[in-house]
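Residue numbers (full-length UniProt numbering): 1 to 67.
Cβ coordinates follow ideal geometry from the N, Cα and C atoms, glycine included.
Since the structure comes first, as structure tokens, the remarks are kept for the end.
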């Protein structure tokens with residue numbers, strides 16, 4: 001059996017890093033329902049507390065590898 005590689009664009013979350021809006025993740029993963037997410041996940045802080053004091057403006061890009 002061969003795994004099909006599915007590429008999704010990175011997901012950019014706004015706001016506090018510890019709070020993940022599940023409705024956004026549900027829509028995001030819904031496009032890859034026929035594949036399995038691996039444990040490989042990357043968080044890239046585009047705007048963080050070191051550069052922006054207002055948590056509403058923080059941005060975190062989440063990327064998963066699917067196989």
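{"Item": "Proximity below 8 angstroms, CB of residue 64 to CB of residue 41", "Value": "yes"}
{"Item": "Neighbourhood of residue 16 by C-beta, 6 angstroms cutoff - its chain only, sequence neighbours within 5 removed", "Value": "55"}
{"Item": "Which of helix, strand or coil DSSP assigns to residue 55", "Value": "helix"}
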